[in-house]
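Engineer: The numbers in the sequence shown follow this note's numbering, run straight up by one, and end at 360.
My questions all concern the structure below.
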Amino acid sequence: MPPEPPHEPTPKRHCIKPTSSTVTPPASPSSPVGDTLKKLGKFVTQHVRLLRKLGWSSFIHSLQHPSDCHPNIHLIPHSANNYLHRLATRGVPAPSSAQPWPSHHLKKVFKRGAHASAQHVYRQFLFTDMLDTVQKGYWSILPFSVVKSYPHLKLSPAGIVPQRTRRPRLIIDYSFTEVNKYSLPLSPWPAMQIGQALPRILQ
């Protein structure tokens, strides 16, 4: 087994997707879902081997892609330049004040699985979107059996939100298992602005 992950936040937040037997029954290998699951399965095998070989921190570092931010972002004439540079070079911290979940609680949340919208209604879309996100290096995909002993593991259900005239949207409900409730608010509050984008840009 790999060493326990460090207690400090990982350099860059990754959404670790524990695979669950409760998502859906197995699909035919010749179906579009079956083909997508086969590709996801290859990533599962690859990531498990890498984790066991490298340990948690090195595993996360090995999957990171180069930052999309400009290397000289700290030179822009803006009061948030150093903050943005820190996010670009060290990642977004995601510390939590929650105590480690006991094993029986982890198993209960795991057995519940994803929202019905993800398990049944938009099943094909879920797997396709997951595959795309994993291929781009934004997510890691690991079996629950491999990560269940990690003391700071938290699980949140996936869901799919339909959108009019647009493709559905995959979300992770961090409020359902109270992950949001215990996340420490480190970001500047003025940065949390929802809506009215055009007026704010013009200002």
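Just so it is clear, CB atoms sit at the ideal spot from N, CA and C, and this is done for glycine as well.
Return the residue from the list K264, S253 and P223 that minimises the CA-CA distance to Y339.
Structural biologist: Of the listed residues, the one whose Cα sits closest to Y339 is S253.
Engineer: Expressed to the nearest angstrom, what Euclidean distance is found between the alpha-carbon atoms of H227 and I217?
Structural biologist: Near 22 Å, if we compare the C-alpha coordinates of I217 and H227.
Engineer: Just checking, does the region 203-223 make contact with the region 310-323 on the three C-beta pairs under 8 Å criterion?
Structural biologist: Verdict: no, contact absent.
Engineer: Whole-angstrom Cβ separation of A237 and A271, contact assumed at under 8 Å?
Structural biologist: Actually they do not touch by this definition, with Cβ atoms about 36 Å apart.
Engineer: Look at the alpha carbon of R206 and the alpha carbon of V291, and state the distance between them as a whole number of angstroms.
Structural biologist: Cα to Cα, the separation comes out at about 16 Å.
Engineer: Tell me the rounded alpha-carbon separation between L232 and K210.
Structural biologist: Near 39 Å, if we compare the C-alpha coordinates of K210 and L232.
Engineer: How about the region 293-306 and the region 242-257: do they share at least three Cβ pairs that are nearer than 8 Å?
Structural biologist: Contact fails: fewer than three Cβ-Cβ distances are below 8 Å.
Engineer: With a Cβ-Cβ cutoff of 8 Å, do I298 and V201 count as a contact?
Structural biologist: Contact: yes.
Engineer: Just how far apart, CA to CA, sit I351 and R357?
Structural biologist: Taking the straight line from one Cα to the other gives about 10 Å.
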